[in-house]
Amino acid sequence: MADKKVRYLKSIEIDTKAERYCRFRKKGFKYIDYKDPDFLLMLCNPQGKILPRRLTGTSLKYQRKASQAIKKARHLALMPYVADNLN
Amino acid sequence: MNRYETVFIMTPVLSADQVTETVEKYRALIIANGGKTVHEDAWGLRKLAYPIQKKSTGFYHLIEWEAEGSAVLPFETEFRRDERILRFLTTAMEKHHIAYAESRRDKSNRKAEPKQEAEVVVEMPAKEASTPEEKA
């Protein structure tokens, strides 16, 4: 029949293959330096906005530290508040 | 005693003498407030990520210092009154921050040491080469 829907016993695996991990936890970071703008740029999008946890996979504890570090770097003009083309 | 880290930006208009004079002023201020400097790092003239007071560059300087918490407020008010300062940021250092800063300093020291050894090695053959000439 045309209106018969396909059913799966298990949920299909789409976009769930790559395992997410916190890069700070994995490498054993204790402190995130605000004086290192090149590293902090990895956590920003091309507009200079802080990327959300759901995209980077960072754990909450380190996301908090990273966002504080980025905001300190912005205050000291090491990183831009607004940008056109970063990364 | 707590440990603090202060980074401040001076206007690019200053001459080299004026920069050292300004830094000296804040170094003296820390000691006057009953503290001491642990480490200093002059980053020199750097480009700012965005203009501050219509300036696109500035002299960065970092001071790591130890003092009682009451010393921070007079230290920062002096920054606010100073026209030569574009920006400043004081952070209280927790133990991981201190460990990070010290390990980083060790690394830069280790990098500096082999260079000195290399210079000595270069000097040695030169002396040996000069002595036979003197004998001859």
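Heads up: the sequence lines are chains A and B, in that order.
Residue 46 in the working numbering sits at position 46 of the first sequence; the count goes up by one each step and never skips.
Plus 87 on top of the position in the second sequence (first one is 1) and you've got the working numbering.
C-beta: ideal position from N, C-alpha, C; glycine also.
Does the Cβ-Cβ distance between B:V159 and B:T177 come in under 8 Å?
To locate residue 159 of chain B, count along the second sequence from 1; it is residue 72. To locate residue 177 of chain B, count along the second sequence from 1; it is residue 90. Yes, the pair counts as a contact, with Cβ atoms nearer than the cut-off.
Pick out whichever of A:K65, A:P80, A:L9 has its Cα sitting closest to the Cα of B:E181.
Within the second sequence, the letter at position 94 stands for residue 181 of chain B. Closest option to B:E181, Cα to Cα, is A:K65.
Bridge partners for B:M97 per DSSP, in chain order?
The residue you call residue 97 of chain B lines up with position 10 of the second sequence. Paired residue(s): B:F146, B:I172.
Cα-Cα separation, A:Q47 to A:I70
The residue given as residue 47 of chain A occupies position 47 in the first sequence. The residue given as residue 70 of chain A occupies position 70 in the first sequence. Distance between the alpha carbons of A:Q47 and A:I70: 14 Å.
So B:L101 and B:T93 are supposed to be a Cβ contact under 8 Å. How far apart are they, rounded?
Residue 101 of chain B sits at position 14 when you count from the first residue of the second sequence. Residue 93 of chain B sits at position 6 when you count from the first residue of the second sequence. Rounded, the Cβ-Cβ distance is 18 Å, inconsistent with contact.
Is the CB of A:K61 under 8 Å away from at least one CB in chain B?
Position 61 of the first sequence, counting from 1, holds the residue named residue 61 of chain A. A:K61 does not count as touching chain B.
Can you name the residues of chain A whose CB is closer than 8 Å to the CB of B:H183?
Position 96 of the second sequence, counted from the first residue, corresponds to residue 183 of chain B. Ordered by position in chain A, the residues that pass the 8 Å Cβ test against B:H183 are K30, Y31.
Is B:V110 close to chain A? Criterion is C-beta to C-beta, closer than 8 Å.
The residue you call residue 110 of chain B lines up with position 23 of the second sequence. It does not; no Cβ of chain A falls within 8 Å.
If we ignore side chains and look at the alpha-carbon of each, how far apart do B:R197 and B:S190 end up?
Translated into positions along the second sequence, residue 197 of chain B becomes position 110. Translated into positions along the second sequence, residue 190 of chain B becomes position 103. Approximately 11 Å, taken between the alpha carbons.
Can you tell me where the beta strand (DSSP E) with B:R133 in it begins and where it stops?
Translated into the one-based positions of the second sequence, residue 133 of chain B becomes position 46. Where B:R133 is concerned, the enclosing beta strand (DSSP E) stretches over 123-139.
For B:G145, is the classification buried or exposed, using 16 other Cβ atoms within 10 angstroms of its Cβ as the cut-off for buried?
Taking the first residue of the second sequence as 1, we reach residue 145 of chain B at position 58. By the neighbour-count rule (16 or more Cβ atoms within 10 Å), B:G145 is buried.
Does the beta-carbon distance from B:F162 to B:I117 come in below 8 Å?
Position 75 of the second sequence, counting from 1, holds the residue named residue 162 of chain B. Position 30 of the second sequence, counting from 1, holds the residue named residue 117 of chain B. It is a contact, given that the beta carbons lie within the stated cut-off.
May I ask you to report which of helix, strand or coil DSSP gives B:N89?
Taking the second sequence and counting its residues from 1, one reaches residue 89 of chain B at position 2. Strand.
According to DSSP, residues forming a beta bridge with A:C44
Reading the first sequence from its first residue, position 44 is the one you call residue 44 of chain A. Paired residue(s): A:I50.
Please report whether the beta-carbon of B:I139 lies at a distance below 8 Å from any beta-carbon of chain A.
Taking the first residue of the second sequence as 1, we reach residue 139 of chain B at position 52. Cβ-Cβ to chain A under 8 Å: yes for B:I139.
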